[in-house]
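Taking it in order: structure first as structure tokens, then the write-up.
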Amino acid sequence: METTAQTGARTIDILIGLSLPFRIRKRYSWYNGIMQRTIQTTYRYRLAPTAAQEQMFNRFAGARRFVWNWALNRKREHFQQTGKMLGFSALCVELTRLKQQPATSWLCQMHAQSLQQTLRDLDSAYQHFFRRVRKGETKKGFPQFKSKKTDTPRFRVPQDVRIDGSFFSVPKIGLVKAIVHRPIEGTTKSATFKREACGHWYISLVTERQIAPKVDRPIQTHVGVDVGLKSLAVLSTGQTIDNPRWYRVQSRKLRRAQKALSRKVIGSCNRGKARVGVARLHQKTRNQRNDFLHKLSTDLIRHFDLVSIEDLNVKGLAKTKLSKSVPDAGWATFRAMLTYKADRNNTHLIVIGRFFPSSKTCGACGLINADLTRADRDWTCPCGVAHDRDLNAARNIDKEGARFFEQIVAAGHAETQNACGDPISPIERLAQVVETGSRRLMSIKELIGYWSPGTHTQRVPGAGLRDRSHELMNFYY
Ligand SMILES: [Zn+2]
Numbered sequence: 038m039e040t041t042a043q044t045g046a047r048t049i050d051i052l053i054g055l056s057l058p059f060r061i062r063k064r065y066s067w068y069n070g071i072m073q074r075t076i077q078t079t080y081r082y083r084l085a086p087t088a089a090q091e092q093m094f095n096r097f098a099g100a101r102r103f104v105w106n107w108a109l110n111r112k113r114e115h116f117q118q119t120g121k122m123l124g125f126s127a128l129c130v131e132l133t134r135l136k137q138q139p140a141t142s143w144l145c146q147m148h149a150q151s152l153q154q155t156l157r158d159l160d161s162a163y164q165h166f167f168r169r170v171r172k173g174e175t176k177k178g179f180p181q182f183k184s185k186k187t188d189t190p191r192f193r194v195p196q197d198v199r200i201d202g203s204f205f206s207v208p209k210i211g212l213v214k215a216i217v218h219r220p221i222e223g224t225t226k227s228a229t230f231k232r233e234a235c236g237h238w239y240i241s242l243v244t245e246r247q248i249a250p251k252v253d254r255p256i257q258t259h260v261g262v263d264v265g266l267k268s269l270a271v272l273s274t275g276q277t278i279d280n281p282r283w284y285r286v287q288s289r290k291l292r293r294a295q296k297a298l299s300r301k302v303i304g305s306c307n308r309g310k311a312r313v314g315v316a317r318l319h320q321k322t323r324n325q326r327n328d329f330l331h332k333l334s335t336d337l338i339r340h341f342d343l344v345s346i347e348d349l350n351v352k353g354l355a356k357t358k359l360s361k362s363v364p365d366a367g368w369a370t371f372r373a374m375l376t377y378k379a380d381r382n383n384t385h386l387i388v389i390g391r392f393f394p395s396s397k398t399c400g401a402c403g404l405i406n407a408d409l410t411r412a413d414r415d416w417t418c419p420c421g422v423a424h425d426r427d428l429n430a431a432r433n434i435d436k437e438g439a440r441f442f443e444q445i446v447a448a449g450h451a452e453t454q455n456a457c458g459d460p461i462s463p464i465e466r467l468a469q470v471v472e473t474g475s476r477r478l479m480s481i482k483e484l485i486g487y488w489s490p491g492t493h494t495q496r497v498p499g500a501g502l503r504d505r506s507h508e509l510m511n512f513y514y
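Under the working numbering, think of the first position of the sequence shown as 38, with each following residue one higher.
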């Protein structure tokens with residue numbers, strides 16, 4: 038890395054070796070000699086449009102659907118005729134011609150960039166399809182035609198949406214009132230308008246801002262979190278967070294609303310109202326869950342320097358008889374929240390590999406109790422220590438997280454500053470060790486030895502060590 042303070046801002050991608058199971062790509066730039074990184078944040082606000090504005094929203098959304106279907110059809114036709122793909126810029130030219138035709142001249146009243154954005158969205162839908170084909174996934178997901186009945190009304194405005202007090206200024210529509218429950222930081226990039234099933238319009242605004250890079254801070258407080266169903270989370274400090282089971286609580290109301298819906302005549306106004314009723318109940322559950330998880334994750338990230346959690350097979354568990362309880366607990370959302378909040382708040386987050394026997398290991402003597410089943414809430418180790426299952430697991434996760442963190446720090450203790458003299462984070466140091474230390478990329482096998490020596494490599498069932506190696510690995514965020 039070289040200093041670019043004299044030349045002003047310049048971006049550098051830090052790319053960690055491809056043989057690692059994950060890739061961290063961040064944009065760094067220098068401004069006045071201080072290293073900065075660019076982060077994107079999405080803000081979501083509920084809109085309160087007037088009847089006329091709502092009509093415009095619906096028209097914009099209709100235009101998006103129309104352009105999507107038209108473009109998808111053109112792409113398919115073109116491929117059948119020529120065997121070649123019709124690209125984004127060619128479609129843009131065709132779109133302009135389409136707007137000049139009398140039958141479709143109504144498109145001129147729509148926001149031009151928003152229509153082009155639809156073509157871009159279709160393009161990325163194709164890219165995702167190709168990626169899934171390349172990976173050999175079972176669900177290929179070829180882009181589909183959008184139906185007015187099933188498609189959620191939405192459209193995207195790539196630029197020029199600005200906030201003005203409690204109003205959003207939207208091109209071609211004007212000032213739209215919103216419930217601005219929190220201020221926006223950073224410059225606004227793109228805005229997506231979407232009508233939820235409950236009938237309310239929302240705006241999701243992407244903003245970009247520069248913050249100082251993650252730096253090391255001394256680990257004074259650390260915590261291990263064991264997520265579960267009986268209690269949503271147990272902390273290694275002994276604190277227990279109850280599982281509110283939002284969906285279960287709402288299920289009686291939901292059952293009644295769904296029965297009412299099924300009694301209504303298909304296509305009737307009353308059916309529409311009943312559908313909104315069901316949608317509102319679902320949304321309430323979702324809001325309650327998100328609110329709770331946001332508060333909990335923010336609390337953890339603010340109060341501890343190092344947070345360790347376990348990597349759970351959420352998809353796998355959701356297929357078992359726990360299928361209703363697992364998604365209701367929102368583990369995956371919780372982990373996603375912890376990840377981005379840790380990144381922004383200078384907190385270290387470690388995700389322990391999936392095969393780490395957190396519940397089965399005795400926190401006092403280290404013995405692994407292989408006979409422990411899911412039903413055993415308490416157990417006593419032969420060494421004489423009585424364990425509460427979840428608390429013991431949380432303490433083991435905490436210990437393993439701290440051990441792993443020490444390892445990362447030790448891996449790069451010689452290099453604590455980069456070329457500019459800025460402090461850099463352990464993962465960057467590790468990347469430097471991988472790059473400069475060995476002068477080549479390490480293989481997965483070497484990395485397992487490098488990162489997680491000891492118990493968990495031996496505990497992998499069967500021979501799938503190579504394929505499942507990422508499940509052994511601890512992650513640092
Ligand atoms: Zn023991």
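All C-beta atoms, glycine included, are put in the ideal place defined by N, C-alpha and C.
Could you pull out every residue in the same chain whose Cβ sits closer than 8 Å to the Cβ of Thr417, ignoring the five residues on either side in sequence? Ala423 and His424
In the DSSP assignment, find the beta strand (DSSP E) that holds Thr277 and state where it starts and stops. Thr277 to Asp279
Ala401: CB within 7 Å of a non-hydrogen atom of ligand 1: yes
From which residue to which residue does the alpha helix (DSSP H) around Gln90 run? Ala88 to Thr119
Alpha carbon of Phe531 to alpha carbon of Ser396, nearest angstrom: This structure gives no information on residue 531, because the portion of the chain shown stretches from 38 to 514.
Helix, strand or coil at Phe441 [DSSP, three-state]: helix
Please report the straight-line C-alpha distance between Val260 and Thr376, rounded to a whole angstrom. 15 Å
Would Ala85 and Ile240 be called neighbours here (beta carbons separated by less than 8 Å)? no
Hey, out of Leu409, Thr187 and Glu443, whose CA is closest to Ala430's CA? Leu409
Which of helix, strand or coil does DSSP assign to Gly265? coil
Extent of the continuous beta strand (DSSP E) run through Glu131: No beta strand (DSSP E) contains Glu131, which is instead part of the alpha helix (DSSP H) from Phe125 to Gln137.
Thinking C-alpha only, which one of Arg219, Arg289, Thr175 and Tyr82 is nearest Leu238? Sequence check: residue 238 is Trp here, not Leu. Residue Tyr82 is the option with its Cα nearest to Trp238.
Cβ pair count under 8 Å reaching 3, the stretch 97-106 against the stretch 142-156: yes
Touching or not, the stretch 193-209 and the stretch 116-134, by the rule of three or more beta carbon pairs under 8 Å? no
How many angstroms separate the CA atom of Arg308 from the CA atom of Phe94? 23 Å
Beta-carbon proximity list for Asp415, same chain, < 8 Å, skipping 5 on both sides: Ala423, His424, Asp425 and Arg426
Contacting residues, own chain, Cβ-Cβ under 7 Å from Val313 (five flanking each side not counted): Cys235 and Gly236
Beta-bridge partners of Trp416, as assigned by DSSP: His424
Stretch pair the stretch 211-229 + the stretch 242-249: three plus CB contacts closer than 8 Å: yes
Taking the Cβ atom as the reference point for each residue, do Ile338 and Val388 lie within a distance shorter than 8 Å? no
Keeping to the same chain, check which residues put their C-beta closer than 6 Å to that of Ser273; ignore five residues upstream and five downstream. Val260, Gly261, Ala431, Arg432 and Asp435
Residues in the same chain with beta-carbon distance under 6 Å from Arg326, minus the five sequence neighbours each way, listed in chain order, please. Trp283 and Gly367
Name the DSSP beta bridge partners of Ser347, please? Reading off the sequence, residue 347 comes out as Glu, not Ser. Partner(s): Ile389.
DSSP bridge partner residues for Thr228 (one or two, in chain order): Residue identity check: residue 228 is Ala in the sequence provided, not Thr. DSSP output for Ala228 lists Val194 and Leu242 as bridge partner(s).
Best match in Thr322, Lys183, Ser268 and Val344 for proximity to Thr258 [C-alpha to C-alpha]: Val344
Closest residue to His106 among Phe182, Gly390 and Phe97 (Cα-Cα distance): Residue identity check: residue 106 is Asn in the sequence provided, not His. Nearest C-alpha to Asn106: Phe182.
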